[in-house]
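In this note's numbering, the protein residues as written are 510 to 923.
Note that CB positions come from ideal geometry on N, CA and C, so glycine has one too.
Here the structure is a predicted model, which means the values were calculated and not measured.
Below is one structure; the comments refer to it alone.
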């Protein structure tokens with residue numbers, strides 16, 4: 510903690526504020542979202558397709574609109590988009606707590622998703638610009654706060670939801686209202702670098718899409734997001750299967766999240782420093798992605814074993830996934846800035862997140878389908894093998910892409 514405090518204190522006030530804000534953003538978001546599906550299907554009585562529609566609209570309005578959010582941030586400045594996103598999420602969460610009809614729930618869900626599309630690229634671009642040559646270290650500390658919010662949010666939400674889920678919605682809305690005021694008053698305006706104010710939006714998007722190395726990097730890194738998302742999909746599904754009861758399954762899932770969160774928080778700075786001192790950024794990304802791929806080998810080998818080996822394998826998988834994500838994140842965020850040439854940085858982040866979002870959607874659809882088919886066919890190892898191979902192929906693709914240090918070359922002057 511002392512090392513974290515020293516690193517945190519060594520940055521300027523805007524960077525420190527963005528880090529604390531990100532903890533609070535995730536705290537407010539994750540105190541509500543893990544319990545939303547249960548609320549929609551339970552007290553509100555929505556059918557399964559209705560629950561899926563509400564959650565799907567939220568995901569699409571965020572992932573599908575990242576590019577627009579990044580473009581707006583480069584045109585109008587990072588601070589206005591951060592403030593607007595927090596204000597919109599305040600309204601969306603408050604609406605979720607007071608409405609019950611499907612159209613109103615869809616509108617509220619869309620608002621919460623689009624809010625993330627507004628502030629996420631702007632926050633990362635602001636952090637990258639404000640931290641300057643120390644952006645790698647800044648993103649490492651940023652991820653500690655990010656993971657801390659993910660770890661604390663569900664615990665706070667569980668206590669509030671035990672009283673009433675509507676109370677959870679209103680408290681989450683209050684958290685984002687507080688964030689809106691704080692950032693409006695305390696976050697200095699930041700002029701974007703290389704903003705194409707006189708260019709058309711389509712021309713800016715074509716400029717980003719024509720960056721071949723950046724585009725290939727986004728496509729290859731999509732695999733890392735598909736793998737990391739299995740913390741929310743494949744691992745919980747398997748945990749509930751091997752646990753034997755709903756209560757034991759929920760406890761095991763909570764334990765897996767705890768392992769992932771604690772490793773990320775406790776190990777981020779040391780792991781980033783160790784990797785930075787020994788390897789190039791491209792090699793760090795390859796090693797991190799390889800660790801994530803290895804995480805699926807353990808459940809593959811215990812797919813036909815008893816409950817105890819399966820539980821141990823799931824804990825090992827959660828740990829390796831967390832270590833891989835910790836190794837990847839700072840270097841990934843830094844690489845996006847490098848490949849942008851430090852121009853239209855928020856637009857590049859928005860484009861990157863949009864590509865990744867589409868990949869997560871397709872990857873999760875494929876993963877869920879393969880799990881069902883493989884289990885029915887009597888081949889439970891196949892989904893884990895497929896995930897491990899996906900990670901291996903993406904790690905190989907990163908290594909190929911980094912030939913001649915293409916991922917670490919100094920960007921051209923803006």
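My output table needs one value for residue i: the three-state DSSP class, helix, strand or coil.
i           : result
residue 721 : helix
residue 851 : coil
residue 635 : helix
residue 888 : coil
residue 554 : coil
residue 541 : coil
residue 788 : coil
residue 834 : helix
residue 801 : helix
residue 916 : coil
residue 673 : coil
residue 813 : coil
residue 921 : Residue placement at residue 921 is poorly supported in this model, since its pLDDT is 45, which falls under 50; the coordinates still yield a value, given next. Coil, per DSSP.
residue 828 : helix
residue 640 : helix
residue 762 : helix
residue 734 : helix
residue 520 : coil
residue 608 : coil
residue 583 : helix
residue 510 : coil
residue 881 : helix
residue 741 : coil
residue 842 : helix
residue 698 : coil
residue 746 : helix
residue 776 : helix
residue 769 : helix
residue 528 : helix
residue 709 : coil
residue 754 : coil
residue 704 : Residue placement at residue 704 cannot be trusted, given a pLDDT of 47 that sits under 50; what the coordinates show is reported in the next sentence. The answer is coil: DSSP assigns residue 704 none of H, G, I, E or B.
Within 10 angstroms of its Cβ, does residue i collect 16 or more other Cβ (buried), or is it exposed?
i           : result
residue 633 : buried
residue 580 : buried
residue 843 : buried
residue 795 : buried
residue 673 : exposed
residue 641 : exposed
residue 866 : buried
residue 858 : buried
residue 779 : exposed
residue 570 : buried
residue 588 : buried
residue 911 : buried
residue 815 : exposed
residue 787 : exposed
residue 504 : Absent from the structure is residue 504, since the part of the chain shown begins at 510 and ends at 923.
Am I right that residue i and residue j are in contact with their C-beta atoms under 8 Å? What's the rounded C-beta distance?
i           : j           : result
residue 856 : residue 583 : 5 Å
residue 845 : residue 861 : 6 Å
residue 737 : residue 870 : Not a contact, Cβ separation roughly 14 Å.
residue 578 : residue 626 : 4 Å
residue 742 : residue 906 : In fact, because the Cβ distance is near 23 Å, the residues do not count as touching under 8 Å.
residue 645 : residue 791 : With a Cβ gap of about 13 Å, residue 645 and residue 791 do not count as contacting.
residue 864 : residue 728 : 7 Å
residue 699 : residue 586 : 6 Å
residue 848 : residue 722 : 6 Å
residue 839 : residue 649 : 4 Å
residue 894 : residue 823 : With a Cβ gap of about 16 Å, residue 894 and residue 823 do not count as contacting.
residue 692 : residue 530 : 6 Å
Ignore the nearest five residues each way along the sequence and tell me which others in residue i's own chain have a CB closer than 7 Å to its CB.
i           : result
residue 521 : 639
residue 826 : 744, 804, 805, 807 and 808
residue 685 : 537, 595, 598, 599 and 602
residue 904 : 795, 798, 799 and 802
residue 647 : 520, 524, 636 and 640
residue 621 : 567, 598, 601 and 602
residue 748 : 758, 761, 762, 765 and 823
residue 879 : 891, 892 and 895
If you drop the 5 nearest sequence neighbours on each side, which residues of the same chain put their C-beta closer than 6 Å to that of residue i?
i           : result
residue 802 : 897, 900 and 901
residue 872 : 735
residue 797 : 833, 836 and 837
residue 609 : 553
residue 732 : 899 and 903
Just to check, is the beta-carbon of residue i closer than 7 Å to a non-hydrogen atom of the ligand ADP?
i           : result
residue 570 : Inclusion of the ligand ADP in the displayed structure is not the case, the ligand content being empty and no account of it being possible.
Any beta-carbon of chain D closer than 8 Å to the one on residue i?
i           : result
residue 630 : Of the protein chains in this structure there is only one, and it is not chain D.
Here's a check: name, in chain order, each residue in its chain whose Cβ is nearer than 8 Å to the Cβ of residue i, leaving out the five neighbours to either side.
i           : result
residue 527 : 632, 635, 636, 639, 651 and 696
residue 518 : 525
- Item | Touching by the beta-carbon criterion (3+ pairs, under 8 Å), the region 764-771 and the region 659-674 | In short, these stretches touch, since the Cβ pair count reaches three.
- Counting Cβ pairs, one atom from each stretch, are 3 or more of them under 8 Å apart for the region 546-561 and the region 608-622? yes
- Message: With three or more C-beta pairs closer than 8 Å as the rule, is the region 533-547 touching the region 666-683?
- Response: yes
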